[in-house]
Amino acid sequence: MKECTVDVKGVKIKVYEYSETGEPILFLHYMGGSSSIWRSMIPSFIETNHVIVLDIRGHGKSDHPEDGYELVTLAEDVQEVLDTLKIDKTHIVGSSLGCYIGTMFASKYPERVLSLINSEGALVNRCGPGGLYTHSKEEHFRKYFSEPEQQFDSREELLEYMKKNWLPWNKERELVMEDYEPRKLTNGKVTFLSKKENMIKIGEDLYERRFELLYDTIKCKVLFLPAEREEGLAKKLNFIKRVMLKLEGSKCVVIPGTSHAMMFDHCKEFIHEIKEFIK
1 MKECTVDVKG VKIKVYEYSE TGEPILFLHY MGGSSSIWRS MIPSFIETNH VIVLDIRGHG
61 KSDHPEDGYE LVTLAEDVQE VLDTLKIDKT HIVGSSLGCY IGTMFASKYP ERVLSLINSE
121 GALVNRCGPG GLYTHSKEEH FRKYFSEPEQ QFDSREELLE YMKKNWLPWN KERELVMEDY
181 EPRKLTNGKV TFLSKKENMI KIGEDLYERR FELLYDTIKC KVLFLPAERE EGLAKKLNFI
241 KRVMLKLEGS KCVVIPGTSH AMMFDHCKEF IHEIKEFIK
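Numbering-wise (the UniProt record's numbering), the sequence shown opens with residue 1 and increments by one.
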């Protein structure tokens, strides 16, 4: 594994390359996560693909600036990373936030994407006709972001909290947390690494976007992977059915029993669907 830091207009993005064999495949994590969420999946791809993972700005070991959380900017970060690595085209696998970034990137730079795999992200609009939510933007952020950040006395206490609440605790989840370094607060306590105010900025940019407009300019095939056990499955399937009409070679698969982060509880099935789609 090689690691490097890519400077994007003064913001440092942490990047990891696990192999350089075959077609490139870039993995983009969910909000609040980091490149470490893919650790259980990476070994299945290193013999066949040039594997790249990164920490999205505001996450992991990348910089956590106060601004630059618009979807366009996050996609431009990806562009700069690929340019630095001299990668012209790549497959993109996203989870939640990673799907939104991948979709924006594939819309802005269609000639650079071999295929797009969207797992639980960019599968439906957040609001509006047929949207996932019916409440206003203000109500949404009061509902989901009003709680203060959790604080812990130590890293060990935070890890114990995760073991008791991030269920079912298994080897896939343990791999994510094995070298997790929480953010230190001025009062001596620690909290989760990504700042809530930065995640709110991302969420605000996503909330009123019309994602069908992005799919209109995408030229590659797309694998849609909505989770069976997440809210709004019927709305997602209706949206996917509409946008797939313009996306030749695309496919929608609902893996039985899946929830939002498929790499933890349905890792083998997730890997299988990706490999079948990109081969």
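Beta carbons: idealized from backbone N, C-alpha and C, even for Gly.
- [ ] Alpha carbon to alpha carbon, how far is E160 from E23? Give it in angstroms, no decimals.
- [x] Each residue's alpha carbon lies about 39 Å from the other.
Task: Beta-carbon gap between N118 and F224 smaller than 9 Å - done: Against a cut-off of 9 Å, the Cβ pair of F224 and N118 comes out as a contact.
Open item on the list: Restricting to Cα atoms, I'd like to know which of K189, L123, I218 and E178 is closest to I37.
Closed with: Measuring from the Cα of I37, the nearest candidate turns out to be E178.
- [ ] Please report how far the alpha carbon of Y215 lies from the alpha carbon of S146, in whole angstroms.
- [x] One C-alpha to the other measures close to 32 Å.
Open item on the list: Let me confirm a value: H135 is counted as buried when at least 16 other C-beta atoms fall within 10 Å, else exposed. Which label applies?
Closed with: H135 should be labelled exposed.
- [ ] Using the Cα positions of T258 and H266, report the straight-line distance between them to the nearest angstrom.
- [x] Approximately 7 Å between the Cα atoms of the pair.
- [ ] Report back the beta-carbon spacing between L54 and I101 to the nearest angstrom; my notes put them in contact at under 8 Å.
- [x] Between I101 and L54 the Cβ distance is about 10 Å, and since that is not below 8 Å, they are no contact.
Task: Residues sharing a beta bridge with S119, DSSP - done: Beta-bridge pairing links S119 to S95 and L225.
TODO: Note the first and the last residue of the continuous alpha helix (DSSP H) segment covering E138.
DONE: E138 -> alpha helix (DSSP H) spans K137 to F145.
Open item on the list: Under DSSP, the alpha helix (DSSP H) around D83 begins and ends at which residues?
Closed with: Counting along the chain, the alpha helix (DSSP H) containing D83 begins and ends at L71 to T84.
- [ ] Since I believe H29 is in contact with H50 (beta carbons under 8 Å), could you give me their beta-carbon distance rounded to a whole number of angstroms?
- [x] With 8 Å as the limit, H50 and H29 do not qualify as a contact, their Cβ atoms being about 18 Å apart.
Open item on the list: Taking the beta carbon of A234 as the centre, do at least 16 other beta carbons fall within 10 Å, making it buried, or is it exposed?
Closed with: Result: exposed.
Open item on the list: With the cut-off set at 9 Å, would you say Y16 and M31 are in Cβ contact?
Closed with: Not a contact, by the Cβ cut-off of 9 Å.
Open item on the list: Counting beta carbon pairs with one atom in the region 151–166 and one in the region 268–276, are three or more of them shorter than 8 Å?
Closed with: In short, these stretches do not touch, since the Cβ pair count stays below three.
TODO: Check whether the Cβ atoms of R126 and L237 sit closer than 9 Å, and answer yes or no.
DONE: No.
TODO: Just mark L167 as buried or exposed, buried being the case when its beta carbon has 16 or more other beta carbons within 10 Å.
DONE: Around the beta-carbon of L167, fewer than 16 other beta-carbon atoms lie within 10 Å, marking it exposed.
Task: L167 - DSSP class collapsed to helix/strand/coil - done: For L167, the secondary structure class from DSSP, reduced to helix, strand or coil, is coil.
Task: Reference E197; option with closest CA among G10, A106, Y144 and R229 - done: Looking at the Cα atoms, Y144 is the closest of the given residues.
Task: Identity of the residue in L213, Y133 and F152 nearest T186 by Cα - done: Relative to the Cα of T186, the nearest Cα in the group L213, Y133 and F152 belongs to F152.
TODO: Output the boundary residues of the beta strand (DSSP E) element that contains K12.
DONE: Per DSSP, the continuous beta strand (DSSP E) segment holding K12 begins and ends at V11 to E17.
TODO: Starting from F152, trace the alpha helix (DSSP H) both ways and give me its first and last residue.
DONE: Segment: none, F152 is in no alpha helix (DSSP H) and carries neither H nor E.
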